[in-house]
Structure formats: structure tokens, C-alpha cells
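Worksheet for the structure shown next.
There are 2 protein chains.
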Amino acid sequence: MRLMHRIVVDAMGGDHAPDEIVQGAAEASLALTSAEIILVGDAAVLGRLLPKLRHDGARVRVHHAPTYVEMDEKPAEALAAKPEASIAVAADLVARGEGDALVSAGNTGASVLACARRWTLLEGVRRAALAAVFPTELRRGEKDDPFSLILDVGATVDVTAEDLVGFAVMGSAYAKLVSSNRRPRVALLSNGTEANKGPKEIVGAHAALVETTELNFIGNIEGLDIPRGVADVVVTSGFVGNVVLKMLEGVSDTVVRLARYAHKERLAWRLGLIALSSAIDQLKSITDWQQYGGAPLLGFTHPFIKAHGRSNARAVTNAIKVAHKALAGNLCGNIARTMAELDERAQKKPRATTGSDPGS
Amino acid sequence: MRLMHRIVVDAMGGDHAPDEIVQGAAEASLALTSAEIILVGDAAVLGRLLPKLRHDGARVRVHHAPTYVEMDEKPAEALAAKPEASIAVAADLVARGEGDALVSAGNTGASVLACARRWTLLEGVRRAALAAVFPTELRRGEKDDPFSLILDVGATVDVTAEDLVGFAVMGSAYAKLVSSNRRPRVALLSNGTEANKGPKEIVGAHAALVETTELNFIGNIEGLDIPRGVADVVVTSGFVGNVVLKMLEGVSDTVVRLARYAHKERLAWRLGLIALSSAIDQLKSITDWQQYGGAPLLGFTHPFIKAHGRSNARAVTNAIKVAHKALAGNLCGNIARTMAELDERAQKKPRATTGSDPGS
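Chains A and B, in that order, give the protein sequences.
Under this note's numbering, residues 1431 to 1790 are what the first sequence spells out, in order.
Under this note's numbering, residues 1431 to 1790 are what the second sequence spells out, in order.
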């Protein structure tokens, strides 16, 4: 008998829910032979959609939830008003041990809040982090992965040095597993590369991270290094990560606007742009980080993969595959193990040198 | 008799110092008839350079400083080791009332530190801020200014709500004067547009700024809005501003890299790129914010315009012109006046409603 990973999917969350979510889940059921997919949402609606799609009936089932959170609702208010919303029911299933991982393309704030209220933090983890993937240099192919991970991007707005160390551990574990990167380069985002640069939480995290052997800590990086892809895992507070991520999102628009500007200037440029228009469309899609992978919520005993609100069926299938990979590779166990190793090291250290609070 | 504005220029600071600095100053002496330029640096070197250049001898003079801070030196250590470095002597001249404004293309940290140690903060200003100009939408022409201002970008790493309110006042005053923008749109950078989003200092500054009538406060903006140019003045901590600014700097590289990627893909794209190559060069220069204006250090009783380290003569002339504009338009006086108005309003407010510390 083979081990089945039970992946709970919020079928009602996302701009194209439930149709594209159900279709993505149906496709995932055919692609993943060791996963069971539990679609949470209006049973009548899902029961009509599913039979129309090619899927493996033994590995997809529906769990009823009478209502759902809209994309633009305020998270706390929506969850209070709708205790049986699909995302709440889905997070509950996982919390009760009836599912192993969660996938949703719905309201980000509401899904993070639903997990935060029901799920348990891993031993040694103090604060959860939402990570996001973004495109860097445009290398491609099997070995040249053109993406980096940044965390936190909004789960923990204010952070301590210890929180940042935890984020480094979690981001590294995720990159190792999902990007098949054996020794991801982990960096702290700061306003200078020197160890003493930045607010005190950055300086403290730096001091703790340079002592680790479990992580490939390359030091501080600056804003300039983000699009360059100097680091595989960029560690920062939820506040700064959110600002940075939304700026990266703006880069694709900027590229298009730059092109439009050039358009007005010269005939040669205009001709060049016509030839390039399909390239520009493709560049735009490359810089649209949101279509890739989804954003993992890390730090809990179960993984949650937040697919983008605009996700189509393919993006949903991808997010389910990532959740499956996280379960199969024991992501959460790896994070807990590394946190324990760091904790052990901190406790072994002579008291005299721990005055600067190096993440112990 | 006309009022002369005395602008002190660190002739030894910058990648192309002293040649390009002296040339920029020489050109400024011809362009600005109500400015006197004091070049600070090695008198022997400057005395050889100046006579070779067209300049107005009545409006440029040399003040000797025997040494200077290198571009890559550590600011505090360099200033301690070289008390007579050109930037220290230049900041001293202004502090002693022998100059009205300072311009330098040298080591940013050392110049900000030299001013901070010698200069006096304006009445009502608690922390100084370094502001920078960055390109946004690519509109051009007399009315469509394609630049926004962001501050602080590194002078004050950790900020309070009151510091942010001060930055808003200073940025608005600068944009009003230098960009001839009557009512600059001022925004706080946050992780959401709602008034309660962000760390506590952002929430506190928001609460204070919505009450102002002196400023055109448009609320919180997100990272996405920065390249779009939604705000004329973006207010943030020195830490976040530094990260953001360096990311913007990276955008030009990203554009070029995107283009290179497209290059490999298809013949039509390749041909398009050849036609576009001059456009791409121009786009690169447009997104290179550093060639424009320089970064003003705001909050002191005198203006300091920090030109980029790579400044050529034209950029130095521009920075001197901006310093002249700041003096002629009474930038520092305007900032002090608005700070006093805000302070007066805060004191008039009934005690009961000032519990949330609205920048009083």
C-alpha cells in the first residue's frame, strides 16, 4: 500500500473559482498518483462541475462548505461573519488531521488568517512567514532556475532578529525542496552589505546567521541585488517584503511603458517594436511572478500553498503539485529539525558570548 | 546690489573629481548670475584646473583643504582620520556662516555625517532625511514631470511617526520648489492602502497626516504604485527607502537583461532589437535616476545637494543649480514654517483626541 498525501483545496477561492479550481484539481488527480484531493465548497456546484471533467474519481472528493469569502472582503470580518466559509472549513479539515496540506487561490489575508487561527506552529518556530517566488536573471533550462524566493511578504509585519533567523531556515528548506537547490544562498535584505548595517533586528539576525553551518548564509544584500538574483532566498520583514514584491510586480508594467515611450520617438524604433511585440508580451508574462508556483505559508505543522487570485487551471494544478512535493519531501519536518539544531547550538554556546541575543 | 547665494562645492568628492567637479562649477558660474561658488579642495590642484576652463572669475573661488575622503572609505573612520578632509572643511564653512548651501558628489555616508555633526536642525525638525528623485511614468514635456521624490533613503534608518510627518513636510516643500509642483501628492509607503495598514509608525504618521491641510496627503501607497508615479513624494523610513531606491536602480539593468533574453529567442525579435538598440540605450539612461538632480539632505538650516558619485560636469552644474534654487526659493524657511503650523495645530487640538500621538 502506498502513502497517500491528502491535499485540501479551497474550491471557491480565486477570481476563476470554482470552474478553474475544479479543473486544476481534476488534472492534478491524473498527474499525481499518490495524492488524494479534497475539494471544499458548495457540494451541489462542485458535484455538477466535476463529472464533466477528466479526473481520477478515486482520488478526488468533495467536502461541503455552504459559503465562501469573496476576494475583496476584509479578512477578519469575513471570517467572523462566515464561520463555515470554504477556506475556514478547509483549514479546519487540516487542523483536525483529515488533510495534510492546503491549497487556495482565494483571499490571501483570509486564508492566512484561517490557518493562523487553527494551525499549530512547528516546534522552535515563533512566527509564520508567507514566501513568494520572483523572477531574476532570465536564465532558463534544467539547471538555471531563474527564480528567487522572498519571505516574509506579509504574514509578520514587524519582526525580531529571531523571527528573521526562522524565516531564513524556512525559506532555505523550501528552496531546497521545491527548486531542487541543494545549498540555497540565503541573504538578509539590508541597506548595506556590512554586518552592522540596518535596523537592530537585521544586525541581530546577521550575527546569528553567520554562525550557522546548516544554512548557506551569504550575508546582507541590497535592493539592487534582488532583480539580479544574487540570493536564492531573500529574508526580510513582512512589511519590507510586501513593498518589494509589489515593486517587482510593477516592473512588468514599467517595461511595457518604456516600450510605449520608445514607440513615439522614432520610425526605426516603432518598426523594432512591432517586431518585438510578441517578445514584449512574453517578457511581461515572465516578469509576472504570480503565475509561478504560488506563495507558501511556512512555519506551521502543515504546508499551505497560496496560489494567485488570477490562477487558471494550470496554475492550480501547479500549486497542488507544489503542496504534494512539500508533503513528499517532508518540508515541515525539515524545518523543525533545522530549528532544533540551531537551538541546540545556541544553548551549547558559552553564556558570555550570547549577550547580543544571537537568535538563541 | 543683488543678493549672492554662496554655494560651497566639495571639489575633491566623486568618481571624476576634481576635473569634472571643477568644470561643472565653472559652467555654473557662467549660468548663475546670483551665485558665488566656493570650491573646497587642494588649492594647488584646483588652481591649476580652474584657469583652463571658461568661468566667471568673480564668482568662483578656491578654499584650501589638504586632504579628502575616498569614495569607498568608511565614513566615520575617514572623518576621524582626516579632520581637514574637503567635505569636513566644506560643511564647516557653511556651519560658520561662510556659505549658504553645500554640493558634493563624494562619499554619501561621509558627507551626510559631516553635515549632521556640524549643522543645526531646523526648528521643529527632529530627524534629517536624504531624498532621491526617481523616474516614474515616461511622460515628458514642460508639464508632465516624469519624476517622483522618495525620502528618507538612508539618513534615518529607524523612524517614528513624527519623523515620517517631518519627512512628508520636507519632501513636499522640496517638490514644490524644485519641480515647480504647486500641490505635490504626498503618500506613505505601506503594505496596503488602508489607514491601519503597516507598522505602528506608519499608522501613526497616517493619522497625523490626514489631519493636515498644509500637505496634499493622498494616503498610503503600495510598492506597485512607486514605478507608476501615483505620488509625487513617497515617504518612508531610511531603511525601506534605501532598499526601494536600489531596486529602482536595478530596473534599468533588468530591462537590458530582458532584452538580451529576447535576443536569443527568435529572428524577428533579434531584428527588432537591432532597430531598438538605440532606444534601449536611451531607456537605460532614463531609468538611471542618478543623473538627475541629486539627492537633497533635508531638515537642516542649510540645504545640501548630494550629486551622484558618477557625476560628470553637467550633473555637477545641475546639482549647483538645484542648490541655488533651494536658496533662492527659501526651501529651509518654508519647511520650518510648515513644521511650526503643524505644531500649532497639534497644540490647539483638545488633549482627549491626541492619545494616538499624531505627530505633535
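Don't be surprised by glycine CBs; every beta carbon is placed ideally from N, CA and C.
All figures in this text were calculated on a predicted structure; none of them were measured in a lab.
Along chain A, which residues have their Cβ under 8 Å away from the Cβ of residue i?
{"i": "B/E1679", "result": "G1653 and L1654"}
Does DSSP classify residue i as helix, strand or coil?
{"i": "B/N1611", "result": "coil"}
{"i": "B/A1561", "result": "strand"}
{"i": "A/A1508", "result": "helix"}
{"i": "B/S1464", "result": "coil"}
{"i": "A/H1754", "result": "helix"}
{"i": "A/N1748", "result": "helix"}
{"i": "A/R1489", "result": "coil"}
{"i": "B/W1719", "result": "A caution first: B/W1719 carries a pLDDT of 46, below 50, which makes its placement in the model unreliable, though a value can still be read off. Residue state, collapsed to three classes: helix."}
{"i": "B/K1778", "result": "helix"}
{"i": "A/R1436", "result": "strand"}
{"i": "B/T1642", "result": "coil"}
{"i": "B/A1617", "result": "strand"}
{"i": "A/N1760", "result": "coil"}
{"i": "A/T1497", "result": "strand"}
{"i": "B/P1733", "result": "coil"}
{"i": "B/G1649", "result": "strand"}
{"i": "B/A1661", "result": "coil"}
{"i": "B/G1471", "result": "strand"}
{"i": "A/A1540", "result": "helix"}
{"i": "B/L1654", "result": "coil"}
{"i": "B/V1583", "result": "coil"}
{"i": "A/R1569", "result": "At A/R1569 the pLDDT is 48, less than 50, meaning the model places this residue with poor confidence; the figure from the coordinates comes in the next sentence. The answer is coil: DSSP assigns A/R1569 none of H, G, I, E or B."}
{"i": "B/R1726", "result": "It should be pointed out that residue 1726 of chain B corresponds to Pro in this sequence rather than to Arg. Here B/P1726 sits in strand by DSSP."}
{"i": "A/F1516", "result": "Looking at the sequence shown, residue 1516 of chain A is not Phe but Ser. Of the three classes helix, strand and coil, the one that applies to A/S1516 here is helix, per DSSP."}
{"i": "B/V1589", "result": "coil"}
{"i": "A/L1678", "result": "helix"}
{"i": "A/A1817", "result": "The structure shown does not extend to residue 1817 of chain A, since chain A is modelled only from 1431 to 1790, so the question has no answer here."}
{"i": "B/L1476", "result": "helix"}
{"i": "B/L1594", "result": "helix"}
{"i": "A/K1459", "result": "Here the sequence assigns Ser to residue 1459 of chain A, which means Lys is not the residue at that position. In this structure, A/S1459 counts as helix in the three-state DSSP scheme."}
Which residues of chain A have a Cβ atom closer than 7 Å to the Cβ of residue i, listed in chain order?
{"i": "B/D1588", "result": "P1629"}
{"i": "B/K1676", "result": "E1652, G1653 and L1654"}
At a CB-CB cut-off below 8 Å, which residues of chain B make contact with residue i?
{"i": "A/G1584", "result": "N1621"}
Under 7 Å, do residue i and residue j count as touching if we go by C-beta distance?
{"i": "A/R1615", "j": "A/N1646", "result": "yes"}
{"i": "A/G1759", "j": "A/L1581", "result": "no"}
{"i": "A/A1540", "j": "A/V1519", "result": "no"}
{"i": "B/G1601", "j": "B/L1579", "result": "yes"}
{"i": "A/S1741", "j": "A/A1535", "result": "yes"}
{"i": "B/S1516", "j": "B/V1589", "result": "no"}
{"i": "B/D1530", "j": "B/N1611", "result": "no"}
{"i": "A/V1499", "j": "A/A1508", "result": "yes"}
{"i": "A/V1746", "j": "A/I1451", "result": "yes"}
{"i": "B/L1757", "j": "B/V1542", "result": "no"}
{"i": "A/G1471", "j": "A/A1510", "result": "no"}
{"i": "B/T1566", "j": "B/G1659", "result": "yes"}
{"i": "B/I1735", "j": "B/A1458", "result": "no"}
{"i": "B/V1583", "j": "B/G1671", "result": "yes"}
{"i": "B/I1468", "j": "B/H1493", "result": "yes"}
{"i": "A/A1603", "j": "A/L1772", "result": "no"}
{"i": "A/G1729", "j": "A/A1558", "result": "yes"}
{"i": "A/A1635", "j": "A/L1594", "result": "yes"}
{"i": "A/T1731", "j": "A/L1552", "result": "yes"}
{"i": "A/W1549", "j": "A/A1585", "result": "no"}
Looking at residue i and the ligand PLP, is the gap between the Cβ and the nearest heavy atom below 6 Å?
{"i": "B/P1733", "result": "Judged by which ligands are present, the structure shown has none, so any question about the ligand PLP falls away."}
| Quick one, which residues of the segment 1660-1674 of chain B are near chain A if we go by CB-CB under 9 Å, in chain order? | For the segment 1660-1674 of chain B, which is checked against every Cβ of chain A, the residues closer than 9 Å are T1666, S1667, G1668, F1669, V1670, G1671, N1672, V1673 and V1674.
| request: With 8 Å as the C-beta to C-beta threshold (strictly closer), list the residues of the segment 1478-1509 of chain A near chain B in chain order. | output: none
| the segment 1464-1483 of chain A touching the segment 1500-1510 of chain A, judged by at least three CB pairs closer than 8 Å | No, the segment 1464-1483 of chain A does not touch the segment 1500-1510 of chain A.
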